[in-house]
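Report on one structure; see the data block that follows.
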Amino acid sequence: MLDVLSLFTEERPAWTVEMLIAELNTTRATTYRYVKSLYDAGFLAPSAGSSYVLGPRFIQVDRQIQQTDPLLRAALPEIARDSSPLIGAKVVSSFYGDQVLSVHVEKLDQDIRLIMERGQPFPLLFGSPSKIILAYLPPYQMKNFYQSNEQEIRRRQLGESWADFRNVMRQLRKEGVCVGGHIERSVIGVAAPIFHAKGSVSSSLCYVRRKEICTDADIAALGDMVKATAARISLTLQSSNPEQNGKSNGMPAPKMPG
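The letter at position 136 of the sequence shown is residue 136 when you use the UniProt record's numbering, and the numbering goes up by one with no holes.
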């Protein structure tokens with residue numbers, strides 16, 4: 001039944017039952033049962049031409065996530081403390097499966113242009129918020145990722161071999177931040193990792209500045225700020241469940257498929 005919801009995209013936001021039957025190759029009775037269950041739960045809503053769109057339940061769920069998500073509860077008060085005019089935008093991202101998802105985007109510089117929005121996913125090789133998470137993955141996950149993305153890693157000049165790639169990631173860990181503008185060429189993003197448990201990366205914090213006004217000194221200052229704030233967020237997450245001695249705060253360690 002969840003396969004039905006995955007069909008609703010920005011490109012195809014509305015589906016009729018007939019369209020769902022053709023796409024899912026399910027029987028009419030099964031498809032109607034799925035649609036009725038999702039409609040009754042508020043996950044689908046009727047629209048024009050006997051079609052359905054995503055329903056109001058998603059709005060309720062999104063609000064609940066924003067109010068209760070441990071990462072956001074830990075991160076938002078901390079990033080609010082950083083009021084430097086150097087920061088054009090603040091982006092909190094989380095690692096899910098084989099991609100990184102923007103979960104909070106706060107735009108401070110009204111002239112800055114961002115494609116990063118809340119709910120926007122990015123591959124692990126795109127942008128500093130993603131790559132800093134990649135750099136802190138456990139060795140076996142990092143190697144699996146390399147083996148599955150070897151050609152793309154070479155194309156992006158991140159290493160001609162596993163040893164080269166590992167060294168690039170090691171250097172990122174040594175620096176503690178990733179500086180980049182791979183997604184949006186008009187901005188510079190400086191990202192630091194967030195750890196939900198000691199040694200377990202789950203998220204990142206990125207401070208963004210327009211490239212046209214960004215200096216090397218600005219990048220260094222942003223790096224210091226984002227590292228310090230990400231460290232405070234990590235500490236809050238790890239101390240939120242003292243019974244676990246910092247090993248877990250109720251958040252499962254993210255893993256890539258396979």
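For each residue, glycine too, the CB sits at the ideal point set by N, CA and C.
Apart from the five residues just before and just after residue i, which ones in its own chain have a Cβ nearer than 6 Å to its Cβ?
{"i": "Trp162", "result": "Tyr146"}
{"i": "Val185", "result": "Here residue 185 is Arg; the residue named in the question, Val, does not match the sequence. Same-chain partners within the cutoff: there are none."}
{"i": "residue 285", "result": "No answer is possible for residue 285: it lies beyond the span of the chain, which begins at 1 and ends at 258."}
{"i": "Gly246", "result": "In this prediction, Gly246 scores a pLDDT of 43, lower than 50, which makes its location untrustworthy; the coordinate-derived value is nonetheless stated afterwards. Lys198 and Gln238."}
{"i": "Thr16", "result": "Ser50 and Ser51"}
{"i": "Ser248", "result": "Caution applies to Ser248, whose pLDDT of 44 falls short of 50 and renders its modelled position unreliable; the value that the coordinates give is listed next. So the list reads Ala197, once near-sequence residues are dropped."}
{"i": "Asp94", "result": "Checking the sequence, you will find Ser at residue 94 rather than Asp. Within the same chain, Ser94 has close Cβ partners Leu101, Val103 and Ser203."}
{"i": "Ile233", "result": "Ala74, Ala75, Glu78 and Ile194"}
{"i": "Ile132", "result": "Cys178, Ala191, Pro193 and Ser204"}
Under 7 Å Cβ to Cβ from residue i, same chain only, skipping five residues before and after it: list those, please.
{"i": "Pro252", "result": "Here the model assigns Pro252 a pLDDT of 48, short of 50, so the residue's position is not dependable, and the following value carries that caveat. Nothing meets the Cβ criterion."}
{"i": "Ala41", "result": "Arg57"}
{"i": "Asp3", "result": "Leu24"}
{"i": "Ile21", "result": "Arg28 and Thr31"}
{"i": "Tyr207", "result": "Ile87, Lys90, Val190, Leu222, Met225 and Val226"}
In terms of DSSP beta bridges, what is residue i paired with?
{"i": "Glu106", "result": "Lys90"}
{"i": "Leu44", "result": "Leu54"}
{"i": "Tyr96", "result": "Gln99"}
{"i": "Pro129", "result": "BP columns for Pro129 are empty, so no partner."}
{"i": "Pro121", "result": "Leu101"}
Which stretch, first to last residue, makes up the alpha helix (DSSP H) that contains residue i?
{"i": "Pro70", "result": "Pro70 to Ala80"}
{"i": "residue 259", "result": "The structure shown has nothing for residue 259, since the chain only spans 1 to 258."}
{"i": "Ser204", "result": "From DSSP, Ser204 is part of no alpha helix (DSSP H) but of the beta strand (DSSP E) over Ser200 to Arg210."}
{"i": "Gln238", "result": "Asp216 to Ser239"}
{"i": "Asp3", "result": "Leu2 to Ser6"}
{"i": "Ala22", "result": "Val17 to Leu24"}
So the beta strand (DSSP E) residue i belongs to, where does it begin and stop?
{"i": "Asp125", "result": "Inspection of the sequence shows that residue 125 is occupied by Leu rather than by Asp. Looking at the DSSP string, Leu125 is not in any beta strand (DSSP E), and its letter there is neither H nor E."}
I'd like the list of long-range same chain contacts for residue i, defined as Cβ closer than 8 Å, with 5 residues on each side in sequence excluded.
{"i": "Gln66", "result": "Leu72"}
{"i": "Ala221", "result": "Ser84 and Leu86"}
For a test of your reading of the model: does the CB of residue i fall under 8 Å from any non-hydrogen atom of the ligand SAH? Yes or no.
{"i": "Glu212", "result": "Among the components modelled here there is no ligand, and therefore nothing to report on the ligand SAH."}
Checklist entry - Mind pulling the alpha helix (DSSP H) runs of 4 or more residues that sit fully within the region 131-198? => result 139-148, 150-155 and 162-175
Checklist entry - Do three or more CB pairs link the region 159-169 to the region 108-124 at distances below 8 Å? => result no
Next on the checklist: Three or more C-beta pairs under 8 Å: does that hold for the region 195-204 against the region 48-67?
Outcome noted: no
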